[in-house]
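Okay, so the sequence shown: first residue is 116 according to this note's numbering, each after it adds one. Think of the CB as a built atom: it goes at the ideal place given N, C-alpha and C, for glycine as much as any other residue. This structure is a prediction, so every number in the text was calculated from the model and none was measured. The next block holds one structure in the form of structure tokens; read it before the comments.
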Amino acid sequence: MFHVKDGLFFRRNDDHSVTIIKTTDGKEPAGLNVQFSETLDDGSWCSLVLSVSAFGERPGDWHAWMRHHKGDEDLLFGKRGGY
């Protein structure tokens, strides 16, 4: 689970969906401290991330990033600091 700040967590699920969780106390989700929880299917998550990116969601981007999100293709290979 990835903690952004102030109790905002993101969890990638086995089915490639992403769960967004906000806690009341800023700590790891543990039942009663969960203020909000929403799970987005992989297609919605991919579209959301692309839509708020610098270039927006352009034709062809969604399919390419879905392959990346599912682990079928690493679009960033060779572009992350040379590895």
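What does S152 pair with, by DSSP beta-bridge criteria?
According to DSSP, S152 bridges with I136.
Are S162 and E172 close, meaning C-beta to C-beta below 8 Å?
Yes, these two residues count as a Cβ contact at 8 Å.
Please state whether the Cβ-Cβ distance between K137 and L147 is less than 8 Å.
It is not a contact, given that the beta carbons lie outside the stated cut-off.
Strictly by DSSP, which residues pair up with F117?
Partner(s): F125.
Should R195 be listed as close to the ligand ZN, given that the test is whether its C-beta is under 7 Å from any heavy atom?
In terms of ligand content, the structure shown is empty, and the ligand ZN therefore cannot be addressed.
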